[in-house]
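Using this note's numbering, the first residue of the sequence shown is number 7, and each one after it goes up by one.
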Amino acid sequence: MRPSNIVFIGKKPILTYVNATLTLLANEPTVTIKARGKTITAAVDVSQMIVKRMNAVGYKISGVRIFSQRMESKDGKERNVSTIEVDVSRT
7 MRPSNIVFIG KKPILTYVNA TLTLLANEPT VTIKARGKTI TAAVDVSQMI VKRMNAVGYK
67 ISGVRIFSQR MESKDGKERN VSTIEVDVSR T
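Structure representation (C-alpha coordinates):
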(Lines of atoms letter the chains of each structure in order from A and count residues from 1; the text may use other names and numbers.)
(Lines give C-alpha, C1' and ligand atoms only; values in the text may rest on other atoms or scores of the structure.)
Protein backbone atom coordinates (compact mmCIF):
# COMPACT_ATOMS: atom_id res chain seq x y z
CA MET A 1 0.00 0.00 0.00
CA ARG A 2 1.31 3.45 -0.94
CA PRO A 3 1.51 6.27 1.59
CA SER A 4 -1.34 8.75 1.26
CA ASN A 5 0.87 11.84 1.20
CA ILE A 6 2.62 11.20 -2.14
CA VAL A 7 1.70 12.74 -5.51
CA PHE A 8 3.16 10.93 -8.53
CA ILE A 9 3.66 13.22 -11.53
CA GLY A 10 2.60 11.88 -14.93
CA LYS A 11 1.40 13.32 -18.23
CA LYS A 12 -1.74 15.14 -17.05
CA PRO A 13 -1.88 18.96 -16.98
CA ILE A 14 0.21 20.58 -14.23
CA LEU A 15 -2.78 22.14 -12.48
CA THR A 16 -4.16 18.65 -11.87
CA TYR A 17 -1.13 17.89 -9.71
CA VAL A 18 -1.20 21.32 -8.05
CA ASN A 19 -4.81 20.70 -6.99
CA ALA A 20 -4.01 17.17 -5.79
CA THR A 21 -1.08 18.44 -3.72
CA LEU A 22 -3.10 21.29 -2.19
CA THR A 23 -5.90 18.86 -1.31
CA LEU A 24 -3.43 16.60 0.48
CA LEU A 25 -1.79 19.55 2.25
CA ALA A 26 -5.16 20.44 3.77
CA ASN A 27 -4.98 17.20 5.80
CA GLU A 28 -1.27 16.30 5.90
CA PRO A 29 1.61 18.42 7.26
CA THR A 30 3.96 17.33 4.44
CA VAL A 31 3.34 16.06 0.90
CA THR A 32 5.98 14.47 -1.33
CA ILE A 33 5.90 15.16 -5.08
CA LYS A 34 7.64 12.35 -7.02
CA ALA A 35 8.65 12.25 -10.68
CA ARG A 36 10.92 10.25 -12.96
CA GLY A 37 12.57 11.05 -16.28
CA LYS A 38 10.85 13.61 -18.48
CA THR A 39 8.28 14.53 -15.83
CA ILE A 40 10.91 15.97 -13.46
CA THR A 41 10.36 19.47 -14.89
CA ALA A 42 6.64 19.16 -14.18
CA ALA A 43 7.37 18.21 -10.55
CA VAL A 44 9.54 21.31 -10.14
CA ASP A 45 6.82 23.46 -11.75
CA VAL A 46 4.15 22.03 -9.40
CA SER A 47 6.24 22.70 -6.31
CA GLN A 48 7.10 26.24 -7.42
CA MET A 49 3.48 27.08 -8.25
CA ILE A 50 2.44 26.02 -4.76
CA VAL A 51 5.25 27.81 -2.92
CA LYS A 52 5.27 31.05 -4.93
CA ARG A 53 1.58 31.55 -5.72
CA MET A 54 0.30 30.34 -2.36
CA ASN A 55 2.87 32.34 -0.39
CA ALA A 56 0.23 33.94 1.86
CA VAL A 57 -0.90 30.49 3.05
CA GLY A 58 2.63 29.60 4.09
CA TYR A 59 3.88 26.58 2.15
CA LYS A 60 7.59 25.84 1.83
CA ILE A 61 9.88 23.27 0.25
CA SER A 62 11.22 21.27 3.18
CA GLY A 63 13.38 18.81 1.25
CA VAL A 64 14.58 17.72 -2.19
CA ARG A 65 16.07 14.34 -3.05
CA ILE A 66 17.59 13.52 -6.45
CA PHE A 67 18.80 10.06 -7.39
CA SER A 68 18.89 7.47 -10.19
CA GLN A 69 17.14 4.13 -10.42
CA ARG A 70 18.14 1.17 -12.59
CA MET A 71 15.16 0.09 -14.66
CA GLU A 72 14.68 -2.42 -17.43
CA SER A 73 13.37 -0.92 -20.67
CA LYS A 74 10.86 -2.60 -22.97
CA ASP A 75 13.67 -3.95 -25.13
CA GLY A 76 15.25 -5.65 -22.10
CA LYS A 77 18.17 -3.26 -21.57
CA GLU A 78 19.07 -1.80 -18.18
CA ARG A 79 18.82 2.00 -18.03
CA ASN A 80 19.41 4.65 -15.39
CA VAL A 81 16.33 6.79 -14.81
CA SER A 82 16.65 10.06 -12.88
CA THR A 83 14.16 10.58 -10.06
CA ILE A 84 13.26 13.59 -7.93
CA GLU A 85 11.27 13.84 -4.71
CA VAL A 86 10.20 17.28 -3.48
CA ASP A 87 8.72 17.66 0.01
CA VAL A 88 6.26 20.54 0.40
CA SER A 89 5.06 21.39 3.89
CA ARG A 90 2.97 23.91 5.77
CA THR A 91 4.85 26.44 7.88
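Glycine residues also receive a C-beta, built at the ideal position from the N, C-alpha and C atoms.
Unbroken alpha helix (DSSP H) run spanning residue i, endpoints
| i | result |
| --- | --- |
| I46 | 46-59 |
Beta bridge counterpart(s) of residue i as assigned by DSSP
| i | result |
| --- | --- |
| Y65 | R96 |
| T89 | R42, F73 |
Host beta strand (DSSP E) of residue i (start-end)
| i | result |
| --- | --- |
| I39 | 36-42 |
| I12 | 12-14 |
Alpha-carbon spacing of residue i relative to residue j, whole angstroms
| i | j | result |
| --- | --- | --- |
| R85 | F73 | 13 angstroms |
| Q75 | A41 | 12 angstroms |
| M77 | A49 | 20 angstroms |
| N61 | I12 | 21 angstroms |
| K80 | G64 | 43 angstroms |
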